[in-house]
Amino acid sequence: MDDLQFGTRNKRGDWAPNEPAGTAPLFVFPPRPLAVLKWLPSYLLPYNLLFAVSAVAWWRFVLPDVEVMKTLSAGWILRLFIVNCVALLVFFGAFELRLYILRAQGNRFKYNGKWPSEQKNKAFFFQNQNIDNMLRTFGTGMPIWTAIEVAILYAYANGYVPWLTFAEHPVYLFCLALVVPIIHETHFFLLHRAIHWGPLYKWVHSVHHNSVNPSPWSSLSMHPVEQLGYLGVAFWHLIIPSNPLLALYQLHYAGFGAIPGHVGFDKIELTEDTSVDSHAYIHYLHHKHFEVNYGDGLIPFDRWFGTFHDGSKEAAARMDARYEKKKARANAAAIK
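Every letter in the sequence shown is one number past the one before it in my numbering, and letter 96, counting from 1, is 98.
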């Protein structure tokens, strides 16, 4: 595919789409029902359906019987941890292998013209972004992921929280499944906004932002505190009446679903004429500019709070003006 039919590339080799980034046509006034119907397939495909199916697969083939999960034993917990790690290695690794190792589509649709493997940086372990990102992902991310999963399953198995069944509550649980991405977006925005506060940014979130040029392994490369907060979105299903299968879906949506925003490419080419949109541009702009796009655009939080950046020159001008006001306030406070 010719990516220059869809965007432009600057002298540094950075590619940007012609069309500015947009938010989903939800929570807008006046309502746009036709736009919602047109957008709906992209809400379900390919990622949301994939993560929902993966949750069903875990429930059916990976997890033991409920009676077994009533006890915290090393056997089933270790098996779950290994399966989680292997699945993530395969899923994230497939993107890394095709796009960054084999470079099957070159730099077509790649936002940042540089390749992380060719850039040494002292902010990373061994000055290597990929090694650093993988160590953080498997060293702390996957143990935290599995610990959250085990805690939720243990709570449901022992009856510590209500377990609604699909047989008795089909409509409610179906609707709850549909809003799993909305729960994620709300949780993510609030958490993300909080960890951009000065001290938390310095000690926690800056670890993730070391990857200014994100790649697949950057997806879950975070400080352990952020990993716990981010993956902890699944704990909402211990608060609201739910089902452990939906809690698994929520966790998979956060864990496996971190990849689209960090893949670094706007489109993943399937053939010479077809591709899948990554929906990564909004979050890439966050990694590039830091103080914009705290959400992913499903809910227009950033539009409401004045921090949305769609990649246009107008958005850049608004961002620069906001930076200048922030700088002026800081200087005024320093003088006092």
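Beta carbons: idealized from backbone N, C-alpha and C, even for Gly.
Query raised in the report: Start and end of the beta strand (DSSP E) containing V278?
Result: Position 276 of the sequence shown, counting from 1, holds the residue named residue 278. That run of the beta strand (DSSP E) goes S277 to D279.
**Report entry** Ordered list of alpha helix (DSSP H) runs contained in the segment 95 to 161, each at least 4 residues
**Finding:** 131 to 138 and 144 to 159
Query raised in the report: How about I301 and F97: do their beta carbons lie closer than 9 Å?
Result: To locate residue 301, count along the sequence shown from 1; it is residue 299. To locate residue 97, count along the sequence shown from 1; it is residue 95. Going by C-beta atoms, I301 is not nearer than 9 Å to F97.
Query - Beta-carbon separation (whole angstroms), D298 vs E187, contact threshold 8 Å - result: Translated into the one-based positions of the sequence shown, residue 298 becomes position 296. Translated into the one-based positions of the sequence shown, residue 187 becomes position 185. Rounded, the Cβ-Cβ distance is 6 Å, consistent with contact.
Query raised in the report: Mind checking whether L178 and L250 have CB atoms under 9 Å apart?
Result: Numbered from its first residue, the sequence shown carries residue 178 at position 176. Numbered from its first residue, the sequence shown carries residue 250 at position 248. No; because the gap between Cβ atoms is not below 9 Å, this pair is not in contact.
Query - Residue from V209, S244, P218 and W61 with nearest C-alpha to E228 - result: Counted from its first residue, the sequence shown places residue 228 at position 226. Closest option to E228, Cα to Cα, is V209.
Requested in this report: Using 10 angstroms around the beta-carbon of S280, count the other beta-carbons present and answer buried if the total reaches 16, otherwise exposed.
Outcome: Counting from 1 along the sequence shown, the entry for residue 280 is found at position 278. It is buried - the Cβ of S280 has at least 16 other Cβ atoms within 10 Å.
Query raised in the report: Taking DSSP as the reference, what is the three-state secondary structure of I241?
Result: Stepping through the sequence shown from its first residue, residue 241 is reached at position 239. In the structure shown, I241 sits in coil (DSSP, three-state: anything other than H, G, I, E or B).
Query raised in the report: How would you label R138, buried or exposed, when you count the other beta carbons within 10 angstroms and need 16 or more for buried?
Result: Looking up residue 138 in the sequence shown gives position 136. R138 is buried by the Cβ-count criterion.
Requested in this report: In angstroms with no decimal places, state the Cα-to-Cα distance between I79 and R100.
Outcome: Here residue 79 is taken as the residue at index 77 of the sequence shown, counted from 1. Here residue 100 is taken as the residue at index 98 of the sequence shown, counted from 1. In a straight line, the C-alpha of I79 is about 32 Å away from that of R100.
Query raised in the report: Looking only at DSSP bridge pairs, what is T167 linked to?
Result: The residue labelled residue 167 in the question sits at position 165 within the sequence shown. Beta-bridge pairing links T167 to no other residue.
Query raised in the report: Considering T188, what are the terminal residues of the alpha helix (DSSP H) in which it resides?
Result: As a position in the sequence shown, residue 188 is number 186, starting the count at 1. Segment V182 to A196, the alpha helix (DSSP H) holding T188.
Query raised in the report: Beta carbon of L253, beta carbon of A236: below 9 Å?
Result: As a working note, residue 253 is residue 251 in the sequence shown. As a working note, residue 236 is residue 234 in the sequence shown. Result yes, Cβ atoms of L253 and A236 sit closer than 9 Å.
Query raised in the report: For the candidate residues S217, H194, N215 and V214, whose alpha-carbon lies nearest to that of V206?
Result: By 1-based counting over the sequence shown, the position of residue 206 is 204. Nearest C-alpha to V206: H194.
Query raised in the report: G257: buried (16+ other C-beta within 10 angstroms of its C-beta) or exposed?
Result: Your numbering for residue 257 matches position 255 in the sequence shown. Buried, because 16 or more other Cβ atoms sit within 10 Å of the Cβ of G257.
Requested in this report: Measure the C-alpha to C-alpha separation of N295 and H285 and round it to an integer number of angstroms.
Outcome: Your numbering for residue 295 matches position 293 in the sequence shown. Your numbering for residue 285 matches position 283 in the sequence shown. Those two C-alpha atoms are separated by around 7 Å.
Query raised in the report: Do the CB positions of D339 and F126 come within less than 9 Å of each other?
Result: The structure shown has nothing for residue 339, since the chain only spans 3 to 338.
Query raised in the report: Short check: CB of V265 to CB of S213, under 9 Å?
Result: In the sequence shown, residue 265 corresponds to position 263, counting from 1. In the sequence shown, residue 213 corresponds to position 211, counting from 1. Contact: no.
Query raised in the report: By Cβ distance below 7 Å, which residues in the same chain neighbour H311 in space, the five residues on each side in sequence not counted?
Result: Translated into the one-based positions of the sequence shown, residue 311 becomes position 309. Once the five neighbours on either side are set aside, the close Cβ partners of H311 are L287, H291, V294, N295, A317 and M321.
Requested in this report: Report buried or exposed for L333, applying the criterion of at least 16 other Cβ atoms within 10 angstroms of its Cβ.
Outcome: Walking along the sequence shown from the start, residue 333 turns up at place 331. Residue identity check: residue 333 is Asn in the sequence provided, not Leu. Flag for N333 reads exposed.
Query raised in the report: Which residue or residues does DSSP assign as beta-bridge partners of W17?
Result: Residue mapping note: residue 17 aligns to position 15 of the sequence shown, counting from 1. R11, per the DSSP bridge assignment.
**Report entry** Environment of N383 [buried if 16+ CB atoms lie within 10 Å]
**Finding:** A question about residue 383 goes unanswered here, because the residues of the chain that appear run from 3 up to 338.
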